[in-house]
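In terms of our numbering, the sequence shown has 225 at position 225, counting the first letter as 1, and numbering is strictly consecutive. See structure below.
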Amino acid sequence: MAAQTQAVLRYEPAEIESPFARDVVAGLTARPKRLPPKYFYDDAGARLFEEITALPEYYPTRCELAILRERADEIAGFFPDGSALIEFGSGSSRKVRIVLAAAPTIATYVPVDISSQMLLQEADELRRDYPRLSVLPVEADFTHPFVLPAAVADAARIGFFPGSTIGNFEPREASALLRHAGRMLGANATLIIGVDLEKEASILHAAYNDAARVTAKFNLNLLTRINRELDAKFNPACFEHHAFFNRDRSRIEMHLASLKRQRIKVCGECIEFRAGETIHTENSYKYSIDSFRALARGAGWAPTAVWTDADNYFSVHALTLQG
Ligand code: AVJ
C-alpha cells in the first residue's frame, strides 16, 4: 500500500470511538503535544478542582465569590420575572446559589456540565433548597452545540459563565464561544461572565504552583484518566507539573513534562517523549477589563456593567446581546 495513503489515514475510524480517545490521540501525535483542559474534569478531577478553589494561593474563586455576594442585588436586576438561568460548566453550585438567593424572579435553572456525578448531585441539593425553582440539568460539553430543555423555549434567558472558564480558550475560540452562547440565549439575552484579570506574575505563579501541590495532582490526574479510560500505561511519577506565566500572550500555561525519554502506547499509537518534552494541558488567559470588553464586542455583546474585587484581581461582566 502506498505509504502516502497510510500517512493520511492514520487512524481507522472504527478503532477510536469516543471523543476523548480521538482528542487524546490527536493531541499526543501533534507537535507540540497537547491535551484539551476540559478532560481534567472526571470525577476525581472535579474533586481536585474543588480542592484548588480552597487553596490560599488560588485567589480567583474567593475573589469572584466576594464580587457575587457584594453585587448580588445589582446582578439580580438583570433577571426578568420567570426567566431561565443557563450556567455553562456549572461544577459546584456555590456561585449560582448566591445569584438564586438574590433573584427569586428566576423560574428555571439549567446547569450544563460534562461531569455528570457532580451535576446530578448538585441539582438534587438545589431542588431541596429551592422547591419552587425548576432545575433542569443538561449533561453536555458546552463547547459543542447542545439542546436547551423545551421548558425554557419561551422564557427570557440569562447566561451565567463564572470561574473564568472563558480563559481556557484561545481568544478566537473564546469569541466564537461567546457568539454561539448569544445565538443560543436569543434576543435581549444577558450574560454574566467571570474573567480573571492581568496582575503581577508572582501572584499568578503562586496560584498555579500551590505549596500543597494540589494543582500538580490535578494536572497529573489527566494521565491517570487516560490510563483508566483508554487502557494506557503512563507512570505519572515520570512526569512533572509545570506552570508559568507567558507574558507575551497574557496566559498561564500548564504542561506535563516528561522526566525522561520514554514511549507509551495509547490507543494502539506509540507516543515517544524526549526527556523534558511537555504535553501542553491548559492555557488560562488573563484579560484587562478593556481587552475583555473588546473581545465581547467582537462577538456581538455590548458591555453593560463590570464589577471587581477590592484587589482588582478578578472581574464579573454583565453583557447584553446587541440587537
Ligand atoms: C477553571 C479554567 C478557571 O484556569 O484557573 C485551576 C482551572 N487550572 N488551576 C483556571 C485551573 C489550574 C481554572 N479554570
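Heads up, the beta-carbon is just placed ideally off N, CA and C, and yes, glycines get one too.
| Query | Result |
| --- | --- |
| What's the call for I226, buried or exposed, on a 16-neighbour Cβ count within 10 Å? | buried |
| Among the residues of its own chain, which have a CB less than 7 Å from the CB of V8, if the five just before and after it don't count? | Residue placement at V8 is poorly supported in this model, since its pLDDT is 49, which falls under 50; the coordinates still yield a value, given next. So no residue of the chain qualifies. |
| Between the segment 293-304 and the segment 176-191, can you find at least three pairs of beta-carbon atoms closer than 8 Å? | yes |
| Would you mind giving the Cβ-Cβ distance between T281 and N235, rounded to the nearest angstrom? I have them listed as a contact below 8 Å. | With a Cβ gap of about 17 Å, T281 and N235 do not count as contacting. |
| Three-state secondary structure (DSSP) at F142? | coil |
| Label N221 either buried or exposed according to how many other C-beta atoms from any shown protein chain fall within 10 Å of its C-beta, with 16 as the threshold for buried. | buried |
| Please state if the CB of P111 and the CB of A123 are separated by a distance shorter than 8 Å. | yes |
| Pick from E170, G194 and R157: whose alpha carbon is nearest that of T308? | G194 |
| At a threshold of 7 Å, does Y130 count as lining the ligand AVJ (C-beta to nearest heavy atom)? | no |
| Do you know whose CA, among Y313, K265, Y287 and T304, lies nearest L28's CA? | K265 |
| In the DSSP assignment, the alpha helix (DSSP H) including T304 goes from what residue to what residue? | Per DSSP, T304 belongs to no alpha helix (DSSP H); it is in the beta strand (DSSP E), W301 to T308. |
| Report, in whole angstroms, the separation of the C-beta atoms of L65 and K38, which I expect to be a contact under 8 Å. | Actually they do not touch by this definition, with Cβ atoms about 23 Å apart. |
| With respect to the beta strand (DSSP E) encompassing V214, which residues constitute its N-terminal and C-terminal limits? | Careful: V214 lies outside any beta strand (DSSP E), inside the alpha helix (DSSP H) at V214 to L230. |
| Please classify S18: does DSSP put it in a helix, a strand, or coil? | coil |
| Can you grab the Cα-Cα spacing for the pair D290 / R249, in whole Å? | 16 Å |
| How long is the line joining the alpha carbons of F351 and F146, rounded to whole angstroms? | The requested residue 351 is not part of the displayed model; the chain covers only 1 to 323. |
| From what residue to what residue does the beta strand (DSSP E) around C270 run? | E269 to F273 |
| Nearest to S284 by alpha carbon, out of R157, A237, E50 and P171? | P171 |
| What number of angstroms, rounded off, separates the C-alpha of D129 from the C-alpha of Q121? | 13 Å |
| Near M1, which residues of its chain fall below 6 Å by C-beta distance, leaving aside the five closest residues on each side in sequence? | Low confidence applies to M1: its pLDDT is 40, below 50, so where it sits in the model is not reliable, and the reading given next is rough at best. Excluding residues within five positions, none has a Cβ falling inside 6 Å. |
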